[in-house]
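Taking it in order: structure first as structure tokens, then the write-up.
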Amino acid sequence: MPKVSIILTSYNKPVFVGKAIQGILNQTFKDFELLLMDDNSNEETHTVIKPFLQDSRIKYYRSNIKDISERLKKNRYAALINEALDKTEGAYISYATDDNIYHPQRLEKMVTFLDLYPEVSIVYSASQTTYLNENGTVLKVITRPAKKVNWNAPCTIDHCSIMHRGNILPIIFQKWGSYWDENPEFYYIGDARFFWRLNHFWPFCPLNEILDDNYITSLSLHYELFSDKKDTFASQLPPQRTCAELRSHLKKLRKSEIHKLFEESERSVP
Ligand code: TYD
Ligand code: MG
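FYI, in our numbering the residues of the sequence shown are 394 to 663.
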């Protein structure tokens, strides 16, 4: 059984998906399986993916989603990840997307961290996101540090910058009936919604190094949030839930838990 299961979701990113896959195959840590979940991408994207499927570490699944109305019903990457999670064999789980490139030592460093600290369930790294326009020109670069033990991860940590133990999954499933939330109201922040679930039980522990390069391109959902491009797909989505909602809920939860602990400790003082 592989030590790490990586779940890569892919949809219509012919220019980047090959680099994303290659970045994973180039890892210095080799004991992994890659579940390549493609959401029935166009032929251009499929042509890029096909040659990689010779590698025995890649398990490839292509959905049969056809039209936009089906894509709007669920958060598609959450649905693909949930499908993949049931197939994973690794002790550690890591996520990737088709516009993110892992640095060669990403797995090695995160695996070493989790091996070293058995009490840690989730590790996260610093990240860098580059925004590109239609011509590939860099518009801005944003970095997120990984300095603290994070009990409020939504929208402060990236989808592709974490690794967690596989043994935490049944706890999430028991509470919510799924791993990732497939509600399309979280299409923009599906990762934040998953991190919100995780933070009910565990903090994210920092490994303060940038271990992947993240890109927002003209083909990304988020592109239309900061450009003039009005995407027909995005405009049909239901109203989107917000980072603020998730973060303020966790803040309250944490306060009440600390309050409870404080009361308990007071009671135990003779
Ligand atoms: P992406 O467009 O990269 O959005 P963001 O701006 O949030 O990065 O999409 C995120 C992931 O979702 C990516 O891995 C592709 C996947 N996806 C699907 O699998 N199916 C779909 O129909 C869509 C729109 C996205
Ligand atoms: Mg993306």
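For glycine and all other residues, C-beta sits at the position ideal for the given N, C-alpha and C.
Residue environment: residue 524 is assigned as buried (16 or more neighbouring CB atoms within 10 Å of its CB, all protein chains considered). Looking at the backbone, the Cα of residue 451 and that of residue 522 are separated by about 26 Å. By alpha-carbon distance to residue 633, the top candidate from 428, 615 and 620 is 615. When the beta-carbon positions are compared, residue 539 and residue 599 come within less than 9 Å of each other. By the C-beta criterion, the region 427-439 is judged to be in contact with the region 405-418, since at least 3 inter-stretch pairs fall below 8 Å. For the pair residue 586 and residue 573, the CB atoms are nearer than the 9 Å cut-off. A straight line joining the alpha-carbon of residue 423 with that of residue 658 spans about 46 Å. Counting along the chain, the unbroken beta strand (DSSP E) around residue 606 starts and ends at 598-609. When beta bridges are read from the DSSP output, residue 426 appears opposite 398. Residue 558 and residue 484 do touch by the CB rule: their CB atoms are close to 7 Å apart, below 8 Å. Contact between the region 468-488 and the region 560-573 is present, with at least three C-beta pairs closer than 8 Å.
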